[in-house]
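Numbering (the working numbering), first residue to last: 32 to 144.
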């Protein structure tokens, strides 16, 4: 399973359900990680299907840092400025379909999940 570090602001927005996409620059490092999940033609009618996969977003580099496991699909496109994208720049867009688990995350009000 792919584990990606993420800043606290974006992590909190994903956990709350406010942020539905995460962006990664188009670079060889991410090319090698995402290419197998990219949408592919399914037939001769130009229909495409994207593979769903799980990503763990971790707020920090320590194994015990807060993390959230999300079911995602990946595409290439531009992102939303309010979610951290630079306007007009192309990214790998990790579309979050579902949050399946959070770990070591303290909710507002002081309870841990």
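The beta carbon of each residue, even a glycine, is placed where N, CA and C say it ideally should be.
Because the structure is a prediction, the values reported are computed rather than measured.
Contact check, residue i vs residue j, beta carbons under 9 Å
i, j, result
"residue 83", "residue 104", "yes"
"residue 128", "residue 89", "no"
"residue 80", "residue 71", "yes"
"residue 91", "residue 36", "yes"
Residue i classed as buried or exposed, judged by whether at least 16 other C-beta atoms fall within 10 angstroms
i, result
"residue 97", "buried"
"residue 122", "buried"
"residue 117", "exposed"
Beta-ladder partner(s) of residue i, from DSSP
i, result
"residue 36", "89"
Reduced DSSP category for residue i - H, G, I as helix; E, B as strand; rest coil
i, result
"residue 57", "coil"
"residue 137", "strand"
"residue 112", "helix"
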